[in-house]
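S.K.:
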Amino acid sequence: MMTLKLQYFSGKNYITCHFLRGKTPFNLKGGKQKKMFGQCDDMLLLLEYVLTNNFEHLSRYVDSDPNSRYIRSTNFSINNDRMCNSHRQFLPMKSLSLMHVAALCDSLECFCILHQKSRLSVSIENASSLHPIQYACFSDSLEIVTYICHVNPYEAIHQFPPEYSLFLCFSMRCGNSDKIIRFLQSKGTEYPKYAEYSPLKASIMKNNIPQLIALLFILKACDPKSSLIMTAIKQQEFDAVPILVEAGEDPSYVNEDGRSAIDLACFTNRRVNGIDSNYNILKIMLEKVNSIEPKMTNVNGPEHWICRAQSPEIAKLFFNQPHLTIDVMRINEKGITGPSLLLTPITYNSQCDVFTNSLKILKLFLENGFNVNYMNRETHTPTLLEAYLSNIKPSPEMIEWLLNYGANPYLECVNRKGTIFENGMNVFCLKSIFEKYSKLHPPPTVIS
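Quick note: the sequence shown uses the working numbering, first residue 1030, plus one each step.
#1: Is the stretch 1327-1335 close to the stretch 1288-1295, with three or more CB pairs under 8 Å?
#2: Would R1202 and F1246 qualify as a contact pair, given that the criterion is a beta-carbon distance under 9 Å?
#3: Decide if G1217 is buried, meaning its Cβ has at least 16 other Cβ atoms within 10 Å, or exposed.
#4: Tell me whether F1463 sits in a helix, a strand or coil according to DSSP, three-state version.
#5: Helix, strand or coil, according to DSSP, for V1270 in the structure here?
#6: Whether or not the stretch 1131-1139 and the stretch 1089-1102 are in contact is what I'm after, with contact meaning three or more pairs of Cβ atoms, one per stretch, closer than 8 Å; do they touch?
#7: Which same chain residues end up closer than 8 Å to L1418 when comparing Cβ atoms and leaving out the 5 residues on each side of it in sequence?
#8: Is the beta carbon of I1321 closer than 9 Å to that of T1297?
#9: Does F1105 come out as helix, strand or coil in the three-state DSSP assignment?
#10: Please name the residue, chosen from F1105, M1122, A1131, S1126, that lies closest to L1083 on a Cα-to-Cα basis.
#11: What number of angstroms, rounded off, separates the C-alpha of S1387 from the C-alpha of Y1308?
#12: How many Å lie between V1443 and S1255 at the Cα?
#13: Counting contacts by CB-CB distance shorter than 9 Å, is K1216 in contact with chain D?
#14: Helix, strand or coil for V1283 per DSSP?
#15: Quickly, what does DSSP pair N1405 with across the bridge? List them, please.
#16: Consult DSSP for S1424 and reduce its assignment to one of helix, strand or coil.
#17: Whose C-beta lies closer than 7 Å to the C-beta of L1257 among residues of the same chain, with five residues either side of it excluded?
#18: Which value, in whole angstroms, describes the spacing of the CA atoms of T1373 and I1390?
#19: When the Cα of L1197 is compared with those of I1177, I1162, C1178, which residue comes out closest?
#20: Rounded to whole angstroms, what's the CA-CA distance from T1474 to S1467? Just pull it up for me.
#21: With the cut-off set at 9 Å, would you say A1185 and L1159 are in Cβ contact?
#22: Since E1451 is in the alpha helix (DSSP H), which residue starts that stretch and which ends it?
#23: For L1125, which residues does DSSP report across the bridge?
#24: When you compare each of P1271, N1327, M1314, A1436 to L1346 by their alpha carbons, which one comes out closest?
#25: Quick check on E1278: does DSSP put it in helix, strand or coil?
#26: Whose C-alpha, out of P1471, L1414, D1268, is nearest the C-alpha of I1497?
#27: Under the assumption that G1435 contacts V1383 (Cβ atoms under 8 Å), give the Cβ distance between them as a whole number of angstroms.
#28: Specify the secondary structure class of D1305 as computed by DSSP and reduced to three states.
#29: Please tell me whether N1205 and I1238 are closer than 9 Å, where the distance is taken between their beta carbons.
#30: Where N1405 and P1411 are concerned, what is the direct C-alpha to C-alpha distance, given to the nearest angstrom?
#31: Whose CA, out of T1385, S1227, V1079, G1398, lies closest to the CA of W1430?
#32: On the CB-based measure, 16 or more other CB atoms within 10 Å of its CB, does L1432 come out buried or exposed?
#33: What does the Cβ neighbour count give for P1472, buried or exposed, with the cut at 16 atoms within 10 Å?
#34: Based on Cα-Cα distance, which residue from V1091, G1367, D1305 lies nearest to I1343?
#35: Report back the beta-carbon spacing between C1295 and I1355 to the nearest angstrom; my notes put them in contact at under 8 Å.
#36: Beta carbon of Q1265, beta carbon of A1231: below 9 Å?
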């Protein structure tokens, strides 16, 4: 049989009793034992009734003395490994009312008796201003949570402190049920907005897939176009990605706007000291998908995602997937090719060497068939040389490298008047480069 260790605080002394479930109390400890025993005997019996959900005895007690001061006490304490488990310090286990104890122990019948016969509020606060519904969520007591919300619907939408939000209280337990999460969602419970007290993090740490998916569905409701993996990435809960992929979520899903989880992982990648924050989750997703090219035309594809990640290692990761085909010449709705997005430092990647990384990525594109002189007037797609020339701060190193590689500066511009050469000569930091090039490669003679 399981031993319950119960405590009642009276004055300056803690009275501690040990019970065998269904038995009478024994082994009373504490200062002034004989004097205190008669005073706390009722308290200990009430605790035993509620802990064991002995509603028949509790009902008889209440009927005999409905206004008992012991019933209304908020000095109960619980010290039980089964109930507190590894998160025993999460919710206070001292200075509780019987309503808190009943909620924690899933003693529904006792909870109803205390509310209906003794008129204890379902919203009664303990010494820490915590409500029974938080303890009911913590113990996965769905019926008690349902009862509380039926009696007082406001409890579901009450603004609890983020460290004790209803979703977090539930997520701190190890059960695999998601019913309370779904119930609270139906009652309008708000998901906490503080990353420090994230229920998602709690579910991820426990690898609790049902809870994780249920929580992501709540967040996904605000962005229905996103997949669960996309939602996790937007929440910056990157550790959720391998769990979701393993659970069968499809990382290749592309929404109607052309966005995907792989796209978001590239866009949110942070490269610091040569290390990519999202390399591992991209590797997991790329190895799981059969195709990554969006079926819609004129939207960003892997070519654009790679260049947004600004990482040669991630670029290699994409191109080294033998089962994937990448269209290096894809253009998006603005007529832009992927490599045109290089040389555009993102704020959180500002410490990286933009030119060096861009050149390494560009070389991989060239090895895989990219044409630096490709242009299309109908889609307003400029050559790569014209695209880089149009940057706010053109890169002399990249312009010179492209010219040496074979980029043609004598082509007419797509998005401005004149040739690339003529426009380049008007840029102070590039003039000497184009002059040098023209001496080695004079412009073609126009025959009238």
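We put the CB at the ideal spot given by N, CA and C, even for glycine. Remember, predicted model here, so these are calculated numbers, not experimental data.
M.R.: According to the structure shown:
#1: yes
#2: Against the sequence shown, residue 1202 aligns to sequence position 173. Against the sequence shown, residue 1246 aligns to sequence position 217. Against a cut-off of 9 Å, the Cβ pair of F1246 and R1202 comes out as no contact.
#3: In the sequence shown, the residue the question calls residue 1217 occupies position 188. Per the 10 Å Cβ criterion, exposed.
#4: If you number the sequence shown from 1, residue 1463 lands on position 434. The answer is helix: DSSP assigns F1463 an H, G or I state.
#5: As a position in the sequence shown, residue 1270 is number 241, starting the count at 1. Helix at V1270.
#6: no
#7: Along the sequence shown, one-based indexing puts residue 1418 at 389. Hits under 8 Å: I1428, I1449, N1452, G1453, V1456, L1459.
#8: Here residue 1297 is taken as the residue at index 268 of the sequence shown, counted from 1. Here residue 1321 is taken as the residue at index 292 of the sequence shown, counted from 1. Going by C-beta atoms, T1297 is not nearer than 9 Å to I1321.
#9: Taking the sequence shown and counting its residues from 1, one reaches residue 1105 at position 76. Of the three classes helix, strand and coil, the one that applies to F1105 here is strand, per DSSP.
#10: By one-based count along the sequence shown, residue 1083 stands at place 54. Checking the sequence, you will find Asn at residue 1083 rather than Leu. The shortest Cα separation from N1083 among F1105, M1122, A1131, S1126 belongs to A1131.
#11: To locate residue 1387, count along the sequence shown from 1; it is residue 358. To locate residue 1308, count along the sequence shown from 1; it is residue 279. The alpha-carbon atoms of S1387 and Y1308 are separated by roughly 17 Å.
#12: Working through the sequence shown from its first residue, we reach residue 1443 at position 414. Working through the sequence shown from its first residue, we reach residue 1255 at position 226. So the alpha carbons of these two residues sit roughly 35 Å apart.
#13: In the structure shown, chain D does not exist; there is a single protein chain.
#14: One-based indexing of the sequence shown puts residue 1283 at position 254. Three-state DSSP puts V1283 in a strand.
#15: Here residue 1405 refers to the residue found at position 376 when the sequence shown is read from its first residue. Under DSSP, N1405 shares a beta bridge with T1410.
#16: If you number the sequence shown from 1, residue 1424 lands on position 395. S1424: coil per DSSP, three-state reduction.
#17: In the sequence shown, the residue the question calls residue 1257 occupies position 228. Closer than 7 Å at Cβ, skipping near neighbours: I1242, L1245, K1249, L1273, E1278.
#18: The residue given as residue 1373 occupies position 344 in the sequence shown. The residue given as residue 1390 occupies position 361 in the sequence shown. For T1373 and I1390, the gap between their C-alpha atoms comes out near 13 Å.
#19: As a first step, residue 1197 must be located in the sequence shown, where it is residue number 168. Looking at the Cα atoms, I1162 is the closest of the given residues.
#20: Here residue 1474 refers to the residue found at position 445 when the sequence shown is read from its first residue. Here residue 1467 refers to the residue found at position 438 when the sequence shown is read from its first residue. Using only the alpha carbons, I get a separation of about 13 Å.
#21: Position 156 of the sequence shown, counting from 1, holds the residue named residue 1185. Position 130 of the sequence shown, counting from 1, holds the residue named residue 1159. No, Cβ-Cβ distance for A1185 and L1159 is not below 9 Å.
#22: For the purposes of this step, residue 1451 is identified with residue 422 of the sequence shown, where counting begins at 1. Per DSSP, E1451 belongs to the alpha helix (DSSP H) from 1449-1453.
#23: Here residue 1125 refers to the residue found at position 96 when the sequence shown is read from its first residue. Per DSSP, F1105.
#24: Looking up residue 1346 in the sequence shown gives position 317. For the set P1271, N1327, M1314, A1436, the Cα lying nearest the Cα of L1346 is the one of M1314.
#25: Numbered from its first residue, the sequence shown carries residue 1278 at position 249. The answer is coil: DSSP assigns E1278 none of H, G, I, E or B.
#26: In the structure displayed, the chain extends from 1030 to 1477; residue 1497 sits before or after that span and is not available.
#27: As a first step, residue 1435 must be located in the sequence shown, where it is residue number 406. As a first step, residue 1383 must be located in the sequence shown, where it is residue number 354. G1435 to V1383, Cβ: 23 Å. No contact.
#28: Locating residue 1305 in the sequence shown gives position 276, counting from the first residue. Strand, per DSSP.
#29: As a first step, residue 1205 is located in the sequence shown; it is residue number 176 there, counting from the start. As a first step, residue 1238 is located in the sequence shown; it is residue number 209 there, counting from the start. Closer than 9 Å, so yes.
#30: On the sequence shown, position 376 is the one that residue 1405 refers to. On the sequence shown, position 382 is the one that residue 1411 refers to. Their Cα atoms are separated by approximately 7 Å.
#31: Locating residue 1430 in the sequence shown gives position 401, where the first residue counts as 1. W1430 has its Cα closest to that of T1385, out of T1385, S1227, V1079, G1398.
#32: Working through the sequence shown from its first residue, we reach residue 1432 at position 403. Its Cβ being crowded by 16 or more others within 10 Å, L1432 is buried.
#33: By 1-based counting over the sequence shown, the position of residue 1472 is 443. So P1472 ends up on the exposed side.
#34: As a position in the sequence shown, residue 1343 is number 314, starting the count at 1. The residue with the shortest Cα to Cα distance from I1343 is D1305.
#35: Position 266 of the sequence shown, counted from the first residue, corresponds to residue 1295. Position 326 of the sequence shown, counted from the first residue, corresponds to residue 1355. Between I1355 and C1295 the Cβ distance is about 13 Å, and since that is not below 8 Å, they are no contact.
#36: For the purposes of this step, residue 1265 is taken as the residue at position 236 of the sequence shown. For the purposes of this step, residue 1231 is taken as the residue at position 202 of the sequence shown. Taking 9 Å as the Cβ cut-off, Q1265 and A1231 do not qualify as a contacting pair.
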